[in-house]
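In the numbering used here, the protein residues as written are 566 to 965.
Think of the CB as a built atom: it goes at the ideal place given N, C-alpha and C, for glycine as much as any other residue.
Values in this document were obtained by computation on a predicted structure and should not be read as measured data.
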């Protein structure tokens, strides 16, 4: 319930009261028991409340009955998350994915659904389908789902072209994944500032809010030893992520499967950090990416005392604690990333003729050079190269 309260704080409305109830089973027609309903009705009147948030997914009949009994707008967990996603989506694909998820959520709720019309508001309760929602029958929704899926498929093909271009660059890919608001985008910007201290336009969007990033964000990062890689920022995870959203965003999340290294970013200052890490690992498993090498990055260490941080780190597997805001621990993280990405690199001794200056320049600027010197017959350079590069430049390997 506290997590749902956090989601709500991301919108324009605020929570005035929250409560929970322990029951062996939910009421089929109303989800809550009669006693709890009377209690909520009294509290709503006392605080002049307009909305009831329920930290679970409700059926159309349950929503209809609760609204009739309580005279409140009823919003379940799935609907709330969909609302937030709708407000955060910026790209065409992101907006279409949210619309697809909303349609799939609405479809089984047409019959016996809510008696209230949704408003096109900016906070929670904005449904995306608006007041036309209840006018749509199942066939209309099916048609709309089909249309949206076709649009997403077109964009997916365009994204595949872009992905293939990145693959042709032979640069390894590192993906930032983790719970929403764990600091993934802030960490990405920290990496980008290594390249360009005056960076502005290429920044990944950040905000102290949930689901600030919905669209994959790719940027090239170049470290001091000429090691380059593509860094990808992804949509944040959340516990009990609605299946409608998982399905709708699957094509976007699948980019994680193409990564060479995953950075599991965890907000170590959050009391639920272990739960957040568990959720992240579960989603990665769902994506079929559990075998990709990873580093657990405990972010926001600046918010903890040294004693508390030490206690947490002892309880976890090998991890690196950082603060993406202050930069503390980032150098250690970079060293570990470099070690992982350089795992298949080997030193190659090359002799590049002077007439092939373009290649010589590329090797010096884009690979990790151990040493180099200019001899009478060309550039003698020892450099770390990956398997594809070693094969490509084998012609220039210096004879022993």
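In the structure shown, residue 948 falls within a strand segment according to DSSP collapsed to helix, strand and coil. The region 716-724 and the region 855-865 do not touch, with fewer than three beta-carbon pairs separated by less than 8 angstroms. Secondary structure of residue 740 (DSSP, three-state): strand.
Residue pairing from DSSP places residue 886 in a beta bridge opposite 863. Residue 627 has its alpha-carbon roughly 36 angstroms from the corresponding atom of residue 831.
In its chain, beyond the 5 residues on either side, 916, 938 have a beta carbon closer than 6 angstroms to the beta carbon of residue 945.
For residue 934, DSSP records a beta bridge to 948.
Straight-line measurement puts the Cα of residue 825 at about 8 angstroms from the Cα of residue 906.
In summary, residue 921 is exposed, with fewer than 16 beta-carbon neighbours lying within 10 Å of its beta-carbon over all protein chains present. Shown here, residue 964 sits in coil according to DSSP, grouped into three states, outside any helix or strand. Restricting attention to 827, 634, 834, 874, the CA atom closest to the CA of residue 856 is found in 827.
Cβ contact annotation for residue 962 (same chain, cutoff 7 angstroms, sequence separation greater than five): 913, 914, 915, in chain order. Using a C-beta cut-off of 8 angstroms, the region 795-803 makes no contact with the region 707-715, since fewer than three inter-stretch Cβ pairs fall below that distance. For residue 759, the secondary structure class from DSSP, reduced to helix, strand or coil, is helix.
If you compare the alpha carbons of 839, 675, 757, 658 with that of residue 743, the shortest gap goes to 839. Taking C-beta atoms as the reference points, residue 663 and residue 640 fail to come closer than 9 angstroms.
Boundaries for residue 958: no beta strand (DSSP E) harbours it, and the DSSP string shows neither H nor E there.
Assignment of beta-bridge partners to residue 911 by DSSP yields 950. Nearest in C-alpha terms to residue 737, of all of 642, 791, 704, 754, is 791.
Cβ-Cβ distances below 6 angstroms link residue 943 to 916, 917, 918, 919 in the same chain, with the five nearest sequence neighbours on each side left out; the list follows chain order.
The beta-bridge partner set that DSSP reports for residue 638 consists of 616. Note on geometry: alpha-carbon atoms of residue 729 and residue 595 lie some 50 angstroms from one another.
The Cβ-Cβ distance between residue 890 and residue 851 does not fall below 9 angstroms. Sorting 646, 666, 665, 602 by C-alpha distance to the C-alpha of residue 637 places 602 at the top.
Inter-residue distance for residue 821 and residue 845 is about 12 angstroms (C-alpha atoms, whole angstroms).
For residue 820, the secondary structure class from DSSP, reduced to helix, strand or coil, is helix. In the displayed model, residue 787 falls within a strand according to three-state DSSP.
Per DSSP, residue 795 is not a residue of any alpha helix (DSSP H); the beta strand (DSSP E) it occupies stretches across 793-798.
By the neighbour-count definition (other C-beta atoms within 10 Å, threshold 16), residue 610 is an exposed residue. Counting only the Cα atoms, residue 675 lies some 7 angstroms from residue 625. The distance from the Cβ of residue 909 to that of residue 858 is about 11 angstroms, inconsistent with a contact at the 8 angstroms cut-off. Around the CB of residue 590, fewer than 16 other CB atoms lie within 10 Å, so the residue is classed as exposed. Just measuring C-alpha positions, the residue of 653, 926, 646, 652 sitting nearest residue 670 is 646. When the beta-carbon positions are compared, residue 623 and residue 605 stay at least 9 angstroms from each other. Taking the Cα positions, residue 784 is about 49 angstroms away from residue 593.
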